[in-house]
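Worksheet: one structure, shown below.
Protein chains: 2
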Amino acid sequence: MDKHDLEALDLELATFGRRATAVAMDKKLGTLERSAYLLLHHLSVHGPTGVKSLAEQFRLDISTISRQTAALESKLYIHRLPDPTDGRASSFEITESGSAELRKTKELRLARFAKLFEGWTPDESDQFLHLLAKLNRTFVD
Amino acid sequence: MDKHDLEALDLELATFGRRATAVAMDKKLGTLERSAYLLLHHLSVHGPTGVKSLAEQFRLDISTISRQTAALESKLYIHRLPDPTDGRASSFEITESGSAELRKTKELRLARFAKLFEGWTPDESDQFLHLLAKLNRTFVD
DNA sequence: AAAACTAATTGTATAGTACAATTATTATTT
DNA sequence: AAATAATAATTGTACTATACAATTAGTTTT
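If you read the sequences in order, they're chains E and A. Whatever position you read off the first sequence (first residue = 1), add 13 for my numbering. Whatever position you read off the second sequence (first residue = 1), add 13 for my numbering.
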């Protein structure tokens, strides 16, 4: 990859990150914030998980996840399962109400993305999904 | 694009946005924050620009840009040019010191991205750049 | 029993953003 | 010409998101 392309990629990634931050704060895109959405999705797919493990999965600080789960817990979207073998630890399980919120928000988000990508050919969006997923995995390593 | 792919894309985009936010806060990646980097780059390429116009270009609130330019101004990376025909308005011009910071940060960022994408084929990174740019333009419309 | 370790929370600080209110100036209307 | 409306920018306030450091409570190791 030559320097010119690298520079273009740098700027596009920064631009996208900035837009994503702004869009994530836009309340009209569903009732759940991005962080809540991702956490609920994770719990919904992978079952009960503790703060430490969530932080590792998402590559975020434990304190960040701790606050976000606390917020979800106070809204009753998740509930705490104490670890029977370790009094310090607990994991979180998505509640019925959390699942309902997740579904609702997902509908809104998907509708929005469907619209955003409607001018794309199937090939383009497939490619993009594949490469974006690759990038996200690359970040992790 | 079928529902399954849309959902995957939704999650990958949200994940990427979240990682981008976290990475943007990591001080070790250059002396300039993402916002400063993008603003300086814009001024460097497009010449002196006012707050309102910057806000439109970046699709951010005027108040957001106003604070970010104020921060850059106080660091002497940009300097204010009063509009001779309108006492309310002014534009900002990048300074020598701002250009130097921009160059320095760019070097660090490019080195980082070069490493991040080193396992990618030229074809993959070209494709990705192209599609990401397309998405960013789509956001704007 | 003491010391070291660990899961999680809480204190503090910062980037980033938006909306609402305000200030200063310019343009329009009467 | 004076009053009013519009506009460029700033400032007040509030919130999400994040990290690092300090703390708390419980567990393991020595």
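Ideal Cβ placement from N, Cα and C applies to all residues, glycine included.
Which of the three DSSP states, helix, strand or coil, is assigned to R72/E? coil
Which of the three DSSP states is assigned to R122/A in this structure? helix
Contacting residues, own chain, Cβ-Cβ under 8 Å from H92/E (five flanking each side not counted): E86, F105, E106, T108
Cβ of Q70/E less than 8 Å from any chain A Cβ? no
Between the region 57-69 of chain A and chain E, which residues of the former have a C-beta closer than 7 Å to a C-beta of the latter? none
Can you tell me the Cβ-Cβ gap for F141/A and L144/E, rounded? I've got them flagged as a contact below 8 Å. 4 Å
Three-way DSSP call (helix, strand, coil) for L89/E in this model: coil
Quick one, are the C-beta atoms of L67/A and H55/A less than 8 Å apart? yes
Is S48/E close to chain A? Criterion is C-beta to C-beta, closer than 8 Å. yes
Of the residues that make up the region 68-101 of chain E, which ones have a beta carbon closer than 9 Å to any beta carbon in chain A? F71, R72, L73, D74, T77
C-beta contact flag for S103/A and L94/A at 8 Å: yes
To the nearest angstrom, how far is it from the Cα of E46/A to the Cα of D18/E? 21 Å
Among S57/E, F152/E, L129/E, nearest to W133/A - alpha-carbon criterion: F152/E
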